[in-house]
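Worksheet: one structure, shown below.
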Amino acid sequence: MQLQDIMTRRIATVHQDDRLEVVKDIFEQAPFRHLLVVDDEERLCGVITHADMYRALSPYLATDAELERDRDTLQRRAHQVMSREPVTISSGATLASAAGLMLERNISCLPVVDNLLLQGVVSWKDLLRVLIK
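Be aware that the sequence shown starts at 202, since it is given in this note's numbering, and climbs by one per residue.
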């Protein structure tokens with residue numbers, strides 16, 4: 202079985218200059234934990250995980266202790282917190298090679314890229330779903 206058979210094709214992306222406020226809104230409304238970051242030509246340039254975003258935001262947001270400087274963390278840009286040069290894989294790769302790459306690089310998702318074009322994304326949960334079927 203190849204990744205093209207299981208990858209998520211409907212992917213959410215943000216642009217590298219989008220503010221963390223946008224990223225936070227997407228994560229709060231969607232059930233996934235990875236956002237792919239693209240440049241002005243829609244080329245993949247990074248990944249932001251749910252954890253990356255929360256590390257960048259003030260822990261005092263939406264609390265009684267919130268100050269202006271806490272709200273300012275929402276104005277940071279995606280490129281300031283994303284993981285750069287993400288590890289990618291092709292749609293024709295096997296599930297075993299994807300799993301091995303995730304374990305080797307200690308990552309939880311792989312953007313699927315063919316001929317420099319973003320095709321989808323596969324996560325460790327996608328691989329587990331196939332395993333239990």
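We put the CB at the ideal spot given by N, CA and C, even for glycine.
- Glu-216 bridges to which residues according to DSSP? Reading the sequence shown from its first residue, position 15 is the one you call residue 216. A small correction: the amino acid at residue 216 is His; Glu does not occupy that position in the sequence shown. For His-216, which the question treats as bridged, DSSP gives the partners Val-239.
- Exposed or buried, what is Ala-263 when buried is set at 16 or more other beta-carbons lying within 10 Å of its beta-carbon? In the sequence shown, counting from the first residue as 1, residue 263 sits at position 62. By the 10 Å Cβ count, Ala-263 comes out exposed.
- Query: Is it the case that the Cβ atoms of Ala-294 and Leu-204 are separated by a distance below 8 Å?
  - Reply: Position 93 of the sequence shown, counting from 1, holds the residue named residue 294. Position 3 of the sequence shown, counting from 1, holds the residue named residue 204. Closer than 8 Å, so yes.
- Task: Could you check which residue in Glu-243, Ile-207, Leu-275 has the C-alpha nearest to that of Val-223?
- Result: Position 22 of the sequence shown holds residue 223. Residue Leu-275 holds the alpha-carbon nearest to the alpha-carbon of Val-223 among Glu-243, Ile-207, Leu-275.
- Task: Go to Gly-293, then tell me how far its beta strand (DSSP E) extends in each direction, as first and last residue.
- Result: For the purposes of this step, residue 293 is taken as the residue at position 92 of the sequence shown. Counting along the chain, Gly-293 falls outside any beta strand (DSSP E), and DSSP gives it neither H nor E.
- Along the chain, which unbroken stretches of the beta strand (DSSP E) at least 3 residues long are found entirely within the segment 307-332? 310-315, 318-324
- Message: My assumption, with CB atoms under 8 Å, is that Met-303 sits in contact with Val-282. Please give the rounded CB distance.
- Response: Position 102 of the sequence shown holds residue 303. Position 81 of the sequence shown holds residue 282. About 21 Å; that fails the 8 Å criterion.
- Query: Between Asp-218 and His-280, is the Cβ-Cβ spacing less than 8 Å?
  - Reply: Position 17 of the sequence shown, counting from 1, holds the residue named residue 218. Position 79 of the sequence shown, counting from 1, holds the residue named residue 280. A contact, by the Cβ cut-off of 8 Å.
- Whose C-alpha, out of Leu-329, Ile-249, Val-323, Val-215, is nearest the C-alpha of Arg-285? Counted from its first residue, the sequence shown places residue 285 at position 84. Among Leu-329, Ile-249, Val-323, Val-215, the Cα nearest to that of Arg-285 is on Ile-249.
- Query: Between the C-alpha atoms of Thr-209 and Glu-243, what's the straight-line distance to the nearest angstrom?
  - Reply: In the sequence shown, residue 209 corresponds to position 8, counting from 1. In the sequence shown, residue 243 corresponds to position 42, counting from 1. CA-to-CA, the gap between Thr-209 and Glu-243 works out to about 18 Å.
- Task: Compare the C-beta of Arg-306 with all C-beta atoms of chain C and state if any pair is closer than 8 Å.
- Result: The displayed structure is made up of one protein chain only, and chain C is not part of it.
- Given that a residue counts as buried once 16 or more other Cβ atoms are within 10 Å of its Cβ, and exposed if not, what is Asp-327? For the purposes of this step, residue 327 is taken as residue 126 along the sequence shown, with counting starting at 1. When all chains shown are included, Asp-327 counts as buried.
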